[in-house]
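Chains as they are written, first to last, in the numbering used here: chain A, 23 to 260; chain B, 23 to 260. No residue lacks a Cβ here, since even glycine has one placed at the ideal position from N, Cα and C. Model, not experiment: these values are computed from the prediction.
There are 2 protein chains.
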Amino acid sequence: MYFKHFRMRIKKDIDSCRTCIYRQMLFGDLDDFEYKLINKARTERFYRKGEVIKNQGEKVDSFLYLRKGLVKLFKTDKRGKEKILSINKPGDFVNLLNIFSKTNYKYSIEAIEDTLVCDVDLEVLEHVICTNGDFAMRVLNRMSKISDEIIENRFEQAQKQLKGRVATILLFFADDIYHSLKFDLPITRREIGELISMTTENTIRTFSEFKRDKLINIKTKTIIILDKERLKIIAKSG
Amino acid sequence: MYFKHFRMRIKKDIDSCRTCIYRQMLFGDLDDFEYKLINKARTERFYRKGEVIKNQGEKVDSFLYLRKGLVKLFKTDKRGKEKILSINKPGDFVNLLNIFSKTNYKYSIEAIEDTLVCDVDLEVLEHVICTNGDFAMRVLNRMSKISDEIIENRFEQAQKQLKGRVATILLFFADDIYHSLKFDLPITRREIGELISMTTENTIRTFSEFKRDKLINIKTKTIIILDKERLKIIAKSG
DNA sequence: CGCGGCTTTGATGTTCATCAAGTAAAGTGG
DNA sequence: CCACTTTACTTGATGAACATCAAAGCCGCG
Numbered sequence: 023m024y025f026k027h028f029r030m031r032i033k034k035d036i037d038s039c040r041t042c043i044y045r046q047m048l049f050g051d052l053d054d055f056e057y058k059l060i061n062k063a064r065t066e067r068f069y070r071k072g073e074v075i076k077n078q079g080e081k082v083d084s085f086l087y088l089r090k091g092l093v094k095l096f097k098t099d100k101r102g103k104e105k106i107l108s109i110n111k112p113g114d115f116v117n118l119l120n121i122f123s124k125t126n127y128k129y130s131i132e133a134i135e136d137t138l139v140c141d142v143d144l145e146v147l148e149h150v151i152c153t154n155g156d157f158a159m160r161v162l163n164r165m166s167k168i169s170d171e172i173i174e175n176r177f178e179q180a181q182k183q184l185k186g187r188v189a190t191i192l193l194f195f196a197d198d199i200y201h202s203l204k205f206d207l208p209i210t211r212r213e214i215g216e217l218i219s220m221t222t223e224n225t226i227r228t229f230s231e232f233k234r235d236k237l238i239n240i241k242t243k244t245i246i247i248l249d250k251e252r253l254k255i256i257a258k259s260g
Numbered sequence: 023m024y025f026k027h028f029r030m031r032i033k034k035d036i037d038s039c040r041t042c043i044y045r046q047m048l049f050g051d052l053d054d055f056e057y058k059l060i061n062k063a064r065t066e067r068f069y070r071k072g073e074v075i076k077n078q079g080e081k082v083d084s085f086l087y088l089r090k091g092l093v094k095l096f097k098t099d100k101r102g103k104e105k106i107l108s109i110n111k112p113g114d115f116v117n118l119l120n121i122f123s124k125t126n127y128k129y130s131i132e133a134i135e136d137t138l139v140c141d142v143d144l145e146v147l148e149h150v151i152c153t154n155g156d157f158a159m160r161v162l163n164r165m166s167k168i169s170d171e172i173i174e175n176r177f178e179q180a181q182k183q184l185k186g187r188v189a190t191i192l193l194f195f196a197d198d199i200y201h202s203l204k205f206d207l208p209i210t211r212r213e214i215g216e217l218i219s220m221t222t223e224n225t226i227r228t229f230s231e232f233k234r235d236k237l238i239n240i241k242t243k244t245i246i247i248l249d250k251e252r253l254k255i256i257a258k259s260g
């Protein structure tokens with residue numbers, strides 16, 4: 023694979039963290055001493071598209087948050103088929119829900135675009151949680167919100183059939199990830215299928231159908247949303 | 023409904039809490055002062071089968087843990103159809119994953135057997151979390167574990183088809199809930215369908231098929247598992 | 001330039017939901 | 001306690017949604 027020649031860069035750039043808007047969300051209210059502790063325990067890592075960040079089975083020993091790029095969380099079943107659990111974007115606390123269970127990763131994490139991740143040593147994070155109750159509450163609050171979202175999302179998606187799910191994922195990329203009606207898909211059709219629980223063939227068929235109906239335009243990886251309103255209706259009603 | 027004539031009992035029996043094995047799991051290491059705080063904020067509530075404990079949309083203002091009985095968490099979609107998210111048994115921290123998000127219940131909770139619930143005022147719980155970092159860590163650990171289980175469960179169930187899911191739910195009742203090969207179903211066939219995402223009719227059909235194949239015996243609500251090994255194989259392979 | 005993975009389309013088959021219709025059981029009211 | 005109503009349960013027939021299988025073109029890359 024092409025990224026094998028690439029040497030992973032690890033940065034320790036305190037200034038880039040001080041100005042990081044994502045940091046503010048969780049670490050914003052820490053006092054100077056705690057902040058320095060976290061910052062010393064923090065590593066900034068860069069991954070090329072396609073690189074694996076964590077492997078299913080690895081020990082969970084750090085807290086990850088995504089600064090730039092895009093990652094997918096996925097699991098492999100016995101037959102070797104993958105299923106994508108979620109796609110995370112900048113600002114997401116990728117593994118927050120699972121880091122405190124003292125077990126190994128139950129899923130893998132892979133960069134699907136060139137990605138910058140902040141990695142905070144878990145022991146240090148736990149130390150700060152133990153000594154700063156308000157910070158602990160913020161972590162709990164964040165975890166609950168992530169959990170709320172997952173429950174709500176699953177519930178919504180479960181009622182939909184294929185067209186609705188494809189429409190939803192297209193709007194997800196357009197609105198939540200790229201903030202544009204035109205974007206390049208960061209994943210293959212097979213992966214989209216793995217994400218919304220359908221086969222590659224039916225993913226493609228639905229794409230073709232949307233193109234026929236002038237909802238979108240497709241040129242291999244490039245998608246242009248032509249009729250967002252109708253796509254929204256399909257995404258909602260199923 | 024028959025329970026309308028029933029007056030809800032609220033108890034404040036400190037001794038029953040001191041000896042409560044479930045309490046130990048989370049509140050075991052609190053010091054005397056904190057323990058008394060929690061205990062004062064605690065209410066023990068009894069619900070008859072069929073009673074609603076929390077309604078979708080209600081404010082989340084307490085932490086619930088189940089001492090006796092059985093509850094279901096469910097959501098209603100636009101068309102009025104219900105979907106059961108999970109069934110909780112004694113020892114489960116029913117709403118732990120969601121209580122810190124400062125929003126309202128995204129699901130309803132209903133007793134599906136006569137049920138005893140401990141209800142701890144959320145503000146007091148949060149106070150103790152803020153002042154006791156080790157306790158905060160135990161809460162975080164518990165949340166992560168619940169989350170791990172949900173992810174794992176969903177992943178397993180998603181690969182299975184109807185027979186596998188029905189077999190799984192039968193083993194769940196036999197092994198995890200009643201610890202017996204013979205038990206009375208606490209929910210209707212429709213509800214089983216809502217729990218494993220299939221129609222009432224197909225739930226029944228699968229039951230009938232299992233009966234024909236001498237895997238189980240059914241007499242309305244009463245189930246006897248005749249061939250657990252074969253049932254396990256079906257549950258696993260799908 | 002040829003190999004392997006991605007993409008595409010069509011044909012076929014399976015799984016499951018929906019519809020219909022009837023029986024059994026359980027709650028309700030006189 | 002019995003008629004009445006409602007809800008739960010059951011089975012069969014039909015059709016829709018989706019997976020699977022097959023085959024071919026495309027594209028990047030060694």
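*Of all Cβ atoms in chain A, is any one closer than 8 Å to the Cβ of D235(B)?*
So no, D235(B) is outside the interface.
*Are the C-beta atoms of I218(A) and some chain B residue less than 8 Å apart?*
Answer no: the Cβ-Cβ gap between I218(A) and chain B never drops below 8 Å.
_Check this for me: beta carbons of N154(B) and E56(B), under 8 Å apart or not?_
Contact flag set, yes.
*Sort G215(B), S219(B), D206(B) by Cα distance to I238(B) and report the nearest one.*
Nearest of G215(B), S219(B), D206(B) to I238(B), Cα basis: D206(B).
_Strand pairing of C140(A), partner residues [DSSP]_ = Its beta-bridge partners are E66(A), Y87(A).
_Using CA atoms only, rank isn't needed, just tell me which of F96(A), R89(A), R64(A), F85(A) is closest to Q78(A)._
Checking every option, the nearest Cα to that of Q78(A) belongs to F96(A).
*Can you tell which of L59(B), L217(B), R212(B) has its C-alpha closest to the C-alpha of I226(B)?*
For I226(B), the nearest C-alpha among the options comes from R212(B).
*Would you please verify whether the beta carbon of Q181(B) is less than 8 Å from any beta carbon of chain A?*
Against chain A, the CB of Q181(B) has a partner CB under 8 Å away; the residue lies at that interface.
*Report yes or no: is there a C-beta of chain B within less than 8 Å of the C-beta of F122(A)?*
Nearest CB-CB separation between F122(A) and chain B: below the 8 Å threshold.
*Name, please, each residue of chain A whose Cβ falls closer than 9 Å to the Cβ of G215(B).*
Simply none; closest approach about 13 Å.
_Please report whether the beta-carbon of N163(A) lies at a distance below 8 Å from any beta-carbon of chain B._
Answer yes: the Cβ-Cβ gap between N163(A) and chain B drops below 8 Å somewhere.
*Residue range of the unbroken alpha helix (DSSP H) whose run includes E174(A)*: Per DSSP, E174(A) belongs to the alpha helix (DSSP H) from 155-181.
*To which residues of the same chain is R29(A) closer than 6 Å at the C-beta, ignoring the five residues directly before and after it?*
Note that R29(A) scores a pLDDT of 42, beneath 50, so its modelled location is shaky; the value from the coordinates is reported in the next line. Within the same chain, no residue comes within 6 Å of R29(A) by CB-CB distance, once the 5 residues on both sides are set aside.
_Let me make sure I understand the geometry here. Which of L253(A), E223(A), L138(A), L52(A) has the alpha-carbon closest to that of E66(A)?_
Of L253(A), E223(A), L138(A), L52(A), the residue nearest in Cα terms is L138(A).
*Report all residues from its chain with a CB closer than 8 Å to the CB of D141(B); omit the five preceding and five following residues, and keep chain order.*
Result list for D141(B): R64, T65, E66, R67, S84, F85, L86, in chain order.
*L217(A) beta carbon less than 8 Å from that of I109(A)*: The Cβ atoms of I109(A) and L217(A) sit closer than 8 Å to each other.
_CB contact check: E174(B) to chain A, cutoff 8 Å_ = E174(B) counts as touching chain A.
*Contact set for K243(A): own chain, Cβ-Cβ below 8 Å, skip 5 residues either direction*: Taking C-beta separations shorter than 8 Å and ignoring five residues to either side along the sequence, the partners of K243(A) in its chain run D206, L207, following chain order.
*Would you kindly report the start and end of the unbroken alpha helix (DSSP H) that includes S259(A)?*
Residues 250-259.
*Between the segment 243-260 of chain B and the segment 181-192 of chain B, are three or more C-beta pairs nearer than 8 Å?*
Result yes; three or more Cβ-Cβ pairs closer than 8 Å.
*For D99(A), which residues in chain B fall below 7 Å Cβ to Cβ?*
Per Cβ cutoff of 7 Å: Q181.
_In whole angstroms, give me the CA-to-CA distance for K250(B) and L107(B)._
Their Cα atoms are separated by approximately 25 Å.
_Other residues of its chain near F25(B): CB distance less than 7 Å, five sequence neighbours each side excluded_ = Note on F25(B): pLDDT 38, under 50, position unreliable in the model; no value is reported.
*Check the Cβ of T153(A) against every Cβ in chain B and list those closer than 7 Å, keeping chain order.*
What T153(A) touches in chain B: G155.
*According to DSSP, is N239(A) helix, strand or coil?*
Strand, per DSSP.
*asked:* At the level of alpha carbons, what is the spacing between K204(B) and V161(B)?
replied: When rounded, the separation of the alpha-carbon atoms in K204(B) and V161(B) is 35 Å.
*Ordered along the chain, which non-local residues of its own chain (more than five positions away) have a Cβ less than 7 Å from that of Y129(A)?*
Cβ within range, chain order: Q78, L95, F96, K97, L107.
*Got a sec? Which residues, its chain only, sit under 8 Å from K90(B) by beta carbon, not counting five neighbours each side?*
Taking K90(B) as the centre and dropping the five residues before and after it, the same chain places the C-beta of P112, D136, T137, L138 closer than 8 Å to its C-beta, in chain order.
_Backbone secondary structure at V271(B) - three-state DSSP_ = With chain B covering only 23 through 260, there is no way to say anything about residue 271(B).
*What residues from chain A crowd round M159(B), counting only those whose CB sits closer than 9 Å?*
Ordered by position in chain A, the residues that pass the 9 Å Cβ test against M159(B) are F122, E148, I151, C152, A158.
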